[in-house]
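Report on the following structure.
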Amino acid sequence: MSTEQIERHLREAQAVAEQAMASGHHPFGALLVAPDGETVLLRQANVDTVNHAEAVLAREAARLYAPHLLWDCTLVTTVEPCAMCAGTQYWANIGHLIYGLEETDLLALTGNHALNPTLALPCREVFARGQKAIEVHGPTPGLREMLLTPHRHFWHHR
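Residue 158 is where the sequence shown ends in UniProt numbering, and the numbering goes up by one at each step.
Here's what the structure looks like:
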């Protein structure tokens, strides 16, 4: 994907995250982008502590689409997927990942928050343990402040 496409999709994922926050959920959003780099096949907000946006999206993608199609698709998400979400993406056969913020950015903001017990396990490490070469792009520094804004508000008031 071009830089313009990446930024556009991350902004759309951010809008999904902001909708989640407005509904009282953690502000995370994810998209599944088709192989053309343009078409958004699925959008998903965070549901709860065990149903993260990326994992729910990956499970639904695996239900709806053939593995060979998913291999050429891209999961776009506002924050680096946790180990659970990276593992779900791996098993769903989604071959590409783009994320905005590193998990460490979120950890620095939330600290030892009971609602966000961050795992210090980068998604690249999860993927490196598998037998599929998931292509990872992230973080996206130019959008860092925009992507952090809802988290500053949400976690400050929890």
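For every residue, glycine included, the Cβ atom is placed at its ideal position computed from N, Cα and C.
Assigned secondary structure, residue i (DSSP; H/G/I helix, E/B strand, else coil)
i	result
residue 135	strand
residue 87	helix
Assigned exposure category for residue i - 16 Cβ within 10 Å defines buried
i	result
residue 61	buried
residue 159	Any question about residue 159 goes unanswered here, given that the chain covers just 1 to 158.
residue 117	exposed
residue 50	exposed
residue 44	buried
residue 112	exposed
residue 122	buried
Contact under 9 Å by Cβ, residue i with residue j
i	j	result
residue 53	residue 22	no
residue 150	residue 80	no
Through-space distance from residue j to residue i, alpha-carbon basis
i	j	result
residue 40	residue 34	6 Å
residue 15	residue 29	8 Å
residue 89	residue 157	31 Å
residue 3	residue 134	19 Å
residue 155	residue 146	15 Å
residue 58	residue 94	8 Å
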